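In the numbering used here, the protein residues as written are 3 to 41.
Yeah, the Cβ is synthetic: ideal placement off N, Cα and C, and Gly gets one too.
From a predicted model like this one, the values you see are computed outputs, not experimental measurements.
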């Protein structure tokens, strides 16, 4: 998968998530996970 295909994949995935609160919850979870694994 090249960079353009990857970008389009992300855009399509985001379009499917119409609830901003749900998206924020995912982002918060990812950030917490990265912070924990980074220690």
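By DSSP, does residue i sit in helix, in strand, or in coil?
i          : result
residue 4  : coil
residue 21 : coil
Would you report the Cα separation of residue i and residue j, rounded to the nearest angstrom?
i          : j          : result
residue 23 : residue 30 : 10 Å
residue 26 : residue 36 : 15 Å
residue 16 : residue 4  : 19 Å
residue 10 : residue 18 : 13 Å
residue 32 : residue 39 : 10 Å
residue 13 : residue 6  : 11 Å
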